[in-house]
Amino acid sequence: MLPLLRDDTQVYKQFVENNPFRHFVTDMVYQIACA
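As numbered in my numbering, residues 312 to 346 make up the sequence shown, in order.
Written as structure tokens, this is what we have:
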């Protein structure tokens, strides 16, 4: 369980610090939600 939590923390860190990554994730979630 701990490695999974560590991966989520890394993803969140990328989401906060990396603007292109944030846009990619936001667009992907939007497309999934609207599909």
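The beta-carbon is built from N, C-alpha and C at its ideal position, and this holds for glycine as well.
Same chain, Cβ closer than 8 angstroms to residue i, five either side skipped, listed in chain order
i          : result
valine 336 : Phe326
Which of helix, strand or coil DSSP assigns to residue i
i              : result
asparagine 269 : No answer is possible for residue 269: the residues shown for the chain start at 312 and end at 346.
alanine 346    : coil
Min CB distance residue i to chain C below 9 angstroms
i             : result
threonine 320 : Given the protein chain composition of this structure (a single chain), no chain C is represented.
6 angstroms CB neighbourhood of residue i in its chain, flanking five on each side removed
i            : result
arginine 333 : Phe326
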